[in-house]
Amino acid sequence: MEIIVNGDPLEVSEGITNIEELIQELRLEKKSLIVEHNQTILKKEKHKDTAISEGDRLEIVHFVGGG
Amino acid sequence: MLVNNRYHRQMLFDPIGETGQKRLQESHVVIVGVGALGSSSAEMLARAGVGTLTLIDRDYVEETNLQRQQLFSEEDVRMQTPKVIAAKKRLEEINHLITIYAEVIDAGVDELEAIAPEANLVIDATDNFDTRLIINDICQKHHKPWIYGACVASYGVTFTVLPGETPCLHCMMDHIPSDGATCDSVGIISPAVQMVVSYQVTEALKILTGNLDTLSGKLIAFDLWKNQQMELQVASLKDDTCPSCSKKQYPHLTYQAQLKTAVLCGRNTVQIRTNGKKVMHFEEIKKHLERNQQIKLFSNPYLLSFEIDKYRVVVFGDGRTLIHGTKNVQEAKKVYYQYVG
Ligand SMILES: [Zn+2]
Numbered sequence: 001m002e003i004i005v006n007g008d009p010l011e012v013s014e015g016i017t018n019i020e021e022l023i024q025e026l027r028l029e030k031k032s033l034i035v036e037h038n039q040t041i042l043k044k045e046k047h048k049d050t051a052i053s054e055g056d057r058l059e060i061v062h063f064v065g066g067g
Numbered sequence: 068m069l070v071n072n073r074y075h076r077q078m079l080f081d082p083i084g085e086t087g088q089k090r091l092q093e094s095h096v097v098i099v100g101v102g103a104l105g106s107s108s109a110e111m112l113a114r115a116g117v118g119t120l121t122l123i124d125r126d127y128v129e130e131t132n133l134q135r136q137q138l139f140s141e142e143d144v145r146m147q148t149p150k151v152i153a154a155k156k157r158l159e160e161i162n163h164l165i166t167i168y169a170e171v172i173d174a175g176v177d178e179l180e181a182i183a184p185e186a187n188l189v190i191d192a193t194d195n196f197d198t199r200l201i202i203n204d205i206c207q208k209h210h211k212p213w214i215y216g217a218c219v220a221s222y223g224v225t226f227t228v229l230p231g232e233t234p235c236l237h238c239m240m241d242h243i244p245s246d247g248a249t250c251d252s253v254g255i256i257s258p259a260v261q262m263v264v265s266y267q268v269t270e271a272l273k274i275l276t277g278n279l280d281t282l283s284g285k286l287i288a289f290d291l292w293k294n295q296q297m298e299l300q301v302a303s304l305k306d307d308t309c310p311s312c313s314k315k316q317y318p319h320l321t322y323q324a325q326l327k328t329a330v331l332c333g334r335n336t337v338q339i340r341t342n343g344k345k346v347m348h349f350e351e352i353k354k355h356l357e358r359n360q361q362i363k364l365f366s367n368p369y370l371l372s373f374e375i376d377k378y379r380v381v382v383f384g385d386g387r388t389l390i391h392g393t394k395n396v397q398e399a400k401k402v403y404y405q406y407v408g
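Protein chains in written order, with our numbering: chain A, 1 to 67; chain B, 68 to 408.
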């Protein structure tokens, strides 16, 4: 399945079905992040219940502390 | 002649104009942190003619700063000049018409309480979330806009917080990340710094000149190396149960008041703060340390530093001590009690 993450195509395995699993796959689970799924901002509690399908567009922004 | 012409090109820019320029001259901006982000912001705002700048930083200039912290020189490294002192000197060479206050302090609750209420705007240029959350709550309490900015590697992120309008940092962050991605572990390139500052200063100019309708309202992030640019409309994240921006409980002002040690981002360093506004007596400490032949001592009017074993210890006049050479708080405390007391 191919989705778009931050403007770039990303091939994800069939085992990845929801946003929470995708975040783990991308190793972002320890970061504090904001996810936009098909132009809707998702609260963290919705990550598990939000399914991913072919062609979905995701924007993922994480907070960093450096400066 | 120089005085009359210096802001001409900026005044030609229609949204600023003569009125906007006058507003900038009457403005006071506080910049918290004068490392990479803070140096760049300060230089842009000084050149733009913001009438008063207050610079706050706890640190002094080191060699590894020179790659990206644009206000500092090799001489500042040799002299271990506090960053705000070096920055003020350079900025006064750039624009003698503005007033610059340099504060060699750690931006804690008390310090920001004393400074932020007088400002029109606070620019975040710190290197840690503890200080950012204090800024967040202080600015909510005193109803001041502040502009979050941060970067690591080739990635940067920024957001303008307007009390009463936008979500605050507490609304947006579900936890304080501790993933080990710091300037120390994954580095930082200068263009990422400059990009964050470009957004921050543009937003600052809009706020200071009264062009609030053109503020982005978005959480903006980018990765320059990966050629990625993200802009998220985050208004829906404003949480009407948020203790910082809705309930007015300001949790980060109480929590932080108890914090005494901090591991510094990008450095193999622990900072230790003493209670309240204790003043360090350099001469006493020096006398004590000079007895130990193994200790190499250095001092200037602002700080005292010495090396022992694998550690380098720097004591500041306001009661703070940096222990370089460890990330372990307990180890740092041991060194502190051994040599500073
Ligand atoms: Zn909030």
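Ideal Cβ placement from N, Cα and C applies to all residues, glycine included.
Everything numeric in this text was worked out from a predicted model, so none of it was measured.
Report the residue from the options whose alpha carbon sits nearest the alpha carbon of residue i.
{"i": "residue 151(B)", "options": "98(B), 184(B), 183(B)", "result": "98(B)"}
{"i": "residue 167(B)", "options": "153(B), 174(B), 387(B)", "result": "153(B)"}
{"i": "residue 206(B)", "options": "127(B), 187(B), 286(B)", "result": "187(B)"}
{"i": "residue 122(B)", "options": "130(B), 131(B), 134(B), 108(B)", "result": "108(B)"}
{"i": "residue 327(B)", "options": "96(B), 174(B), 149(B), 140(B)", "result": "174(B)"}
{"i": "residue 50(A)", "options": "10(A), 12(A), 17(A)", "result": "17(A)"}
{"i": "residue 305(B)", "options": "380(B), 237(B), 193(B)", "result": "237(B)"}
{"i": "residue 213(B)", "options": "155(B), 229(B), 198(B), 315(B)", "result": "229(B)"}
{"i": "residue 293(B)", "options": "8(A), 3(A), 1(A), 47(A)", "result": "8(A)"}
{"i": "residue 210(B)", "options": "120(B), 219(B), 198(B), 317(B)", "result": "317(B)"}
{"i": "residue 13(B)", "options": "264(B), 171(B), 390(B), 144(B)", "result": "Because chain B is modelled from 68 through 408, residue 13(B) falls outside the range shown and cannot be assessed."}
{"i": "residue 138(B)", "options": "161(B), 347(B), 219(B)", "result": "161(B)"}
{"i": "residue 135(B)", "options": "275(B), 350(B), 218(B)", "result": "218(B)"}
{"i": "residue 2(A)", "options": "66(A), 57(A), 67(A)", "result": "57(A)"}
{"i": "residue 338(B)", "options": "309(B), 369(B), 310(B), 379(B)", "result": "379(B)"}
{"i": "residue 307(B)", "options": "351(B), 299(B), 274(B), 235(B)", "result": "235(B)"}
{"i": "residue 192(B)", "options": "164(B), 177(B), 223(B), 165(B)", "result": "223(B)"}
{"i": "residue 243(B)", "options": "156(B), 268(B), 201(B), 196(B)", "result": "196(B)"}
Using only the heavy atoms of ligand 2, determine whether one of them is closer than 6 Å to the beta carbon of residue i.
{"i": "residue 242(B)", "result": "In the structure shown, ligand 2 is absent; the only ligands present are ligand 1."}
Indicate the three-state DSSP secondary structure (helix, strand or coil) for residue i in the structure shown.
{"i": "residue 236(B)", "result": "helix"}
{"i": "residue 216(B)", "result": "strand"}
{"i": "residue 60(B)", "result": "In the structure as shown, chain B begins at 68 and stops at 408. Residue 60(B) is therefore absent and cannot be evaluated."}
{"i": "residue 371(B)", "result": "strand"}
{"i": "residue 395(B)", "result": "coil"}
{"i": "residue 211(B)", "result": "coil"}
{"i": "residue 15(A)", "result": "coil"}
{"i": "residue 31(A)", "result": "coil"}
{"i": "residue 112(B)", "result": "helix"}
{"i": "residue 338(B)", "result": "strand"}
{"i": "residue 168(B)", "result": "strand"}
{"i": "residue 380(B)", "result": "strand"}
{"i": "residue 416(B)", "result": "Examination of residue 416(B) is not possible in this model, given that chain B is present from 68 through 408 alone."}
{"i": "residue 196(B)", "result": "helix"}
{"i": "residue 133(B)", "result": "coil"}
{"i": "residue 349(B)", "result": "helix"}
{"i": "residue 59(A)", "result": "strand"}
{"i": "residue 446(B)", "result": "No information on residue 446(B) is available, as it lies outside the stretch 68 to 408 that chain B covers here."}
{"i": "residue 407(B)", "result": "coil"}
{"i": "residue 52(A)", "result": "coil"}
{"i": "residue 362(B)", "result": "coil"}
{"i": "residue 37(A)", "result": "strand"}
Bridge partners for residue i per DSSP, in chain order?
{"i": "residue 290(B)", "result": "222(B), 295(B)"}
{"i": "residue 8(A)", "result": "5(A)"}
{"i": "residue 120(B)", "result": "96(B), 167(B)"}
{"i": "residue 191(B)", "result": "99(B)"}
{"i": "residue 390(B)", "result": "337(B), 380(B)"}
{"i": "residue 149(B)", "result": "127(B)"}
{"i": "residue 227(B)", "result": "214(B)"}
{"i": "residue 285(B)", "result": "300(B)"}
{"i": "residue 328(B)", "result": "339(B)"}
{"i": "residue 255(B)", "result": "220(B)"}
Are there 16 or more other CB atoms within 10 angstroms of the CB of residue i, so buried, or fewer, so exposed?
{"i": "residue 365(B)", "result": "exposed"}
{"i": "residue 343(B)", "result": "Because residue 343(B) carries a pLDDT of 49, less than 50, the predicted location of this residue cannot be relied on, and the following value inherits that uncertainty. Exposed."}
{"i": "residue 11(A)", "result": "exposed"}
{"i": "residue 404(B)", "result": "exposed"}
{"i": "residue 184(B)", "result": "exposed"}
{"i": "residue 271(B)", "result": "buried"}
{"i": "residue 181(B)", "result": "exposed"}
{"i": "residue 281(B)", "result": "exposed"}
{"i": "residue 76(B)", "result": "exposed"}
{"i": "residue 372(B)", "result": "buried"}
{"i": "residue 32(A)", "result": "buried"}
{"i": "residue 80(B)", "result": "exposed"}
{"i": "residue 311(B)", "result": "buried"}
{"i": "residue 68(B)", "result": "Confidence at residue 68(B) is low in this model, with a pLDDT of 44, below 50, so the placement of that residue should be treated as unreliable; the coordinate-derived value is given next. Flag for residue 68(B) reads exposed."}
{"i": "residue 13(A)", "result": "exposed"}
{"i": "residue 233(B)", "result": "buried"}
{"i": "residue 376(B)", "result": "exposed"}
Review point. Using 8 Å as the Cβ pair cut-off and three pairs as the minimum, do the segment 102 to 117 of chain B and the segment 256 to 263 of chain B touch?
Key: These segments touch.
Point to revise | the segment 126 to 142 of chain B / the segment 281 to 300 of chain B touching (three or more Cβ pairs under 8 Å) | key: Note that the segment 126 to 142 of chain B does not touch the segment 281 to 300 of chain B; fewer than 3 beta-carbon pairs, one per stretch, sit closer than 8 Å.
Review point. Would you say the segment 84 to 97 of chain B touches the segment 52 to 62 of chain A, given that touching needs at least three Cβ pairs under 8 Å?
Key: Short answer: they don't touch.
**Study point:** At least three beta-carbon pairs within less than 8 Å, the segment 347 to 364 of chain B to the segment 329 to 338 of chain B
**Key:** Taking 8 Å as the limit for Cβ pairs, the verdict is that the segment 329 to 338 of chain B does not touch the segment 347 to 364 of chain B.
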